[in-house]
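Taken in order, the sequence shown gives residues 1 to 185; the numbers are from UniProt numbering.
All C-beta atoms, glycine included, are put in the ideal place defined by N, C-alpha and C.
Predicted model, so just to flag it, every value in this text is computed and none were measured.
Single-structure report; data block below.
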Amino acid sequence: KNQKINNVILKEILDNVKLLKKDCIVTYKRTICDENNSEEENILLKEKRQLFYTNELFHERIGNTLDFTSFSYNHISDNLVFSDEEIIQFSRKTLNPHYIHLDKYYNKTIEGYPEKLVVQGPYMLTESIKYLQHITGIKYFSKITYKIKQNLFSNEPVFIKLSTNTKELKLGNNKLGSVLTLNYI
């Protein structure tokens, strides 16, 4: 599908659907181009995403906190807290109106989550990249790979650890461990 948002054109192509018993992995490719020139050389972003879908209700995972607590970093952010209002606003701006980002009661009664909103993966990624740009002074990165390891809920304080030596970033806290990991070039 092609969708015009602001001054860019978003193109998404479903690449693969892999069934795993009750779950599935959906892979799609996304390209973002300038609306005035969508030729190959004017691509602003190429992204390949793999999304894991399950029909199981949420159960709190005991994450490996060691990957976060023992991570060797040379920069650390202040606490970040994603409020309900910010999460809802991000859904509006990005045209991403999923219930899990909008309705705490739905999350508790239908999904089995705590009665909190789920922070969008792209929102966590956006804030991580902003921090990365601020610290490194780099405006554009050649390549970013990231993985969201678990859900983050509204009003849960997290912070970002960055190693400019290994070009690695982790968003999380000492209780949850890593929520998002990112590598960049």
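Roughly how many angstroms lie between the CA atoms of residue i and residue j, to the nearest whole one?
| i | j | result |
| --- | --- | --- |
| histidine 101 | tyrosine 28 | 22 Å |
| aspartate 144 | leucine 180 | First, the amino acid is wrong: residue 144 is isoleucine here, not aspartate. Going from the Cα of isoleucine 144 to the Cα of leucine 180 covers about 13 Å. |
| glycine 177 | aspartate 67 | 7 Å |
| asparagine 96 | tyrosine 106 | 16 Å |
| lysine 93 | asparagine 36 | 22 Å |
| phenylalanine 82 | asparagine 16 | 32 Å |
| leucine 80 | glutamate 12 | 31 Å |
| leucine 132 | tyrosine 146 | 13 Å |
| lysine 175 | threonine 164 | 24 Å |
| arginine 30 | glutamate 85 | 28 Å |
| valine 26 | isoleucine 148 | 15 Å |
| isoleucine 135 | tyrosine 99 | 34 Å |
| isoleucine 87 | threonine 166 | 31 Å |
| glutamate 127 | isoleucine 138 | 15 Å |
| lysine 46 | leucine 182 | 16 Å |
| glutamate 156 | tyrosine 113 | 14 Å |
| glycine 172 | lysine 18 | 29 Å |
| lysine 48 | asparagine 64 | 26 Å |
| serine 70 | glutamine 150 | 18 Å |
| glutamate 115 | glutamine 89 | 18 Å |
| glutamate 60 | lysine 108 | 13 Å |
| asparagine 42 | aspartate 34 | 7 Å |
Mind checking whether residue i and residue j have CB atoms under 8 Å apart?
| i | j | result |
| --- | --- | --- |
| methionine 124 | leucine 169 | no |
| serine 91 | glutamine 120 | yes |
| leucine 117 | lysine 104 | yes |
| isoleucine 32 | leucine 10 | yes |
| phenylalanine 141 | isoleucine 185 | yes |
| valine 8 | leucine 44 | yes |
Using DSSP bridges, identify the partner residues of residue i.
| i | result |
| --- | --- |
| serine 178 | Gly172 |
| threonine 27 | Asn16, Gln50 |
| asparagine 183 | Thr145, Glu168 |
Output yes if chain D places a C-beta closer than 8 Å to the C-beta of residue i; else output no.
| i | result |
| --- | --- |
| lysine 104 | Checking the listed chains, one finds no chain D in this structure; it contains a single protein chain. |
Whole runs of the alpha helix (DSSP H) within the segment 74-106, excluding any shorter than 4 residues: 84-93
Ordered list of alpha helix (DSSP H) runs contained in the segment 121-164, each at least 4 residues: Fully enclosed alpha helix (DSSP H) runs of 4 or longer: 121-136.
Three or more C-beta pairs below 8 Å linking the segment 75-85 and the segment 156-166: Segments in contact, yes.
For the segment 13-22 against the segment 43-56, do three or more pairs of beta-carbon atoms, one drawn from each stretch, fall closer than 8 Å, so that the two count as touching? yes
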